[in-house]
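Heads up, the sequence shown is in my numbering, so the first residue is 41 and it goes up one at a time. So the structure is just underneath, and the comments pick up after that.
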Amino acid sequence: MMEIIKAIILGLVEGLTEFLPVSSTGHMIMAANLMDFTGERVKTFEVVIQLGSILAVVVVFWRRLLSLVGLAKAPQPTRGGGRLNLIHIFLAMLPAVVLGLLARDWIKENLFGDNMQTVIIALIVGGIFMIVAEKFSPKTTVTESLDQMTYKQAFGVGLFQCLALWPGFSRSGATIAGGLFIGLSHRVAAEFTFIVAVPMMIAASGLDLYKSWDILSASDIPMFIAGFITAFLVAMVAIVTFLKLISKVKLTPFAVYRFVAAILFWVFFL
């Protein structure tokens with residue numbers, strides 16, 4: 041029963057932080073260590089509950105996602121005749137996929153593991169990056185619709201997504217702030233970030249789950265279900281709320297929160 045409670049708590053943390061620009065990785069590491077809930081089995085559990093968060097994105101953006109593959113009516117095109125399509129998604133995925141494959145061993149050896157120092161530094165650097173994006177991003181000729189995005193902008197978001205390979209930097213923090221630099225509105229940058237996360241995270245989580253399959257057992261199922269459902273439900277609320285807030289509060293409050301989190305992580309782990 042204690043494991044179920046811990047699974048629900050981690051599902052809550054995952055669902056709340058996965059798509060906010062605050063680093064779900066750092067929060068998951070901290071929560072798991074504080075509850076003494078660690079080990080290879082727990083790492084696999086964290087992969088499973090990430091899929092719960094991804095399912096929340098699919099539910100929120102189901103019509104847009106199905107329209108990309110021709111299974112639903114797409115939104116009305118803009119006056120320029122453009123429309124978000126699979127080429128945008130491919131271009132946004134390409135840089136991180138290539139860099140991740142080429143530098144996978146180095147990233148795992150130097151950035152992942154139990155080294156919280158790298159996560160703390162990433163929290164601070166990512167927070168500074170977000171504040172700089174708010175201050176110096178273009179304020180005119182901003183893309184206000186997903187269907188107005190160019191292929192160049194999609195590829196630009198993909199380049200910024202490479203920063204998320206550094207655990208603690210935050211995928212949404214990197215891509216939303218990066219999107220501001222290349223002329224996307226806060227809302228468009230956030231929506232595109234969530235949509236691109238679906239294939240990226242399904243592929244990454246699916247691969248990790250496949251490699252860890254042999255350490256799982258039937259006794260793990262209740263824990264996994266509890267965490268998965270919790271992450272799904274909380275992520276649904278977090279995504280909808282964040283999309284309503286981002287155009288009003290911007291990124292700076294989240295950057296300040298990252299600095300506070302970095303201090304707390306330093307106190308608890310270093």
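Even for Gly, the Cβ is constructed at its ideal location relative to N, Cα and C.
Quiz prompt | Secondary structure, alpha helix (DSSP H): runs of 4+ residues fully inside the segment 209 to 253 | solution = Listed in chain order, they are 211 to 221 and 226 to 251.
Quiz item: Roughly how many angstroms lie between the CA atoms of G219 and F200, to the nearest whole one?
Solution: Distance between the alpha carbons of G219 and F200 is about 8 Å.
Practice problem: Decide if the segment 266 to 279 is in contact with the segment 41 to 59; the criterion is three or more beta carbon pairs, one per stretch, under 8 Å apart. | Solution: Yes, since at least three Cβ pairs between the segment 266 to 279 and the segment 41 to 59 fall closer than 8 Å, the two stretches touch.
Self-check item: Option nearest M241 by Cα separation, candidates I48, Q90 and I222
Solution: Out of I48, Q90 and I222, the CA that lies nearest to the CA of M241 is found in Q90.
Quiz item: If we ignore side chains and look at the alpha-carbon of each, how far apart do L60 and R211 end up?
Solution: The C-alpha of L60 lies about 9 Å from the C-alpha of R211.
Quiz item: Can you tell me the Cα-Cα spacing of V289 and A275, whole angstroms?
Solution: Distance between the alpha carbons of V289 and A275 is about 19 Å.
Quiz item: Would a C-beta distance cut-off of 8 Å place I235 and L105 closer than the cut-off?
Solution: Yes, Cβ-Cβ distance for I235 and L105 is below 8 Å.
Quiz item: Should E231 be labelled buried (16 or more other beta-carbon atoms within 10 Å of its own) or exposed?
Solution: buried
Self-check item: Three-state secondary structure assigned by DSSP to T180
Solution: coil
Exercise. Could you check what DSSP says for F101 in three-state terms: helix, strand or coil?
Key: coil
Quiz item: In angstroms, rounded to a whole number, what distance separates the CA positions of S225 and R103?
Solution: 21 Å
Exercise. Below 7 Å CB to CB, which residues in the same chain sit around L95 once its five sequence neighbours on both sides are set aside?
Key: Excluding positions up to five away in sequence, the list reads F272.
Quiz item: Given A302, which residues of its chain have a CB within under 7 Å of its CB, disregarding the five upstream and five downstream residues?
Solution: If the five residues before and after A302 are omitted, its C-beta is found closer than 7 Å to the C-beta atoms of I160, L163 and I164, all from its own chain and listed in chain order.
Quiz item: What separation, rounded to the nearest whole angstrom, lies between the Cα atoms of P293 and D145?
Solution: 34 Å
Self-check item: CB of H128 within 8 Å of CB of M189, strictly
Solution: yes
Quiz item: If we call anything under 8 Å between Cβ atoms a contact, is L38 one with M156?
Solution: What is shown of the chain runs 41 to 310, which leaves residue 38 out entirely.
Quiz item: Since G140 contacts G92 with CB under 8 Å, what's their CB separation in whole angstroms?
Solution: With 8 Å as the limit, G140 and G92 do not qualify as a contact, their Cβ atoms being about 22 Å apart.
Quiz item: Hey, quick one: how far does the alpha helix (DSSP H) through Q188 stretch, first residue to last?
Solution: First-last for Q188: undefined, no H or E at that position.
Quiz item: Nearest to G55 by CA position, among N73, V97, F101 and G223, is which residue?
Solution: V97
Quiz item: Going along the chain, which residues of its own chain have a beta-carbon closer than 6 Å to the beta-carbon of E174, five neighbours each way excluded?
Solution: Here the set comprises K290, L291 and T292.
Quiz item: Hey, out of F77, V228 and T215, whose CA is closest to S185's CA?
Solution: The shortest Cα separation from S185 among F77, V228 and T215 belongs to V228.
Quiz prompt | Nearest candidate by alpha-carbon position, reference L124, set P135, V109, L134 and A136 | solution = Looking at the Cα atoms, V109 is the closest of the given residues.
Quiz item: Which whole-angstrom value is the C-beta distance of M70 and F299, which I expect to be below 8 Å?
Solution: With 8 Å as the limit, M70 and F299 do not qualify as a contact, their Cβ atoms being about 15 Å apart.
Quiz item: Hey, L151 and P207 are a contact pair by Cβ (cut 8 Å); roughly how many whole angstroms apart?
Solution: 6 Å
Quiz item: Distance, Cα to Cα, F221 vs P262?
Solution: 44 Å
Practice problem: Express the C-alpha separation of K179 and V280 in angstroms, rounding to a whole number. | Solution: 25 Å
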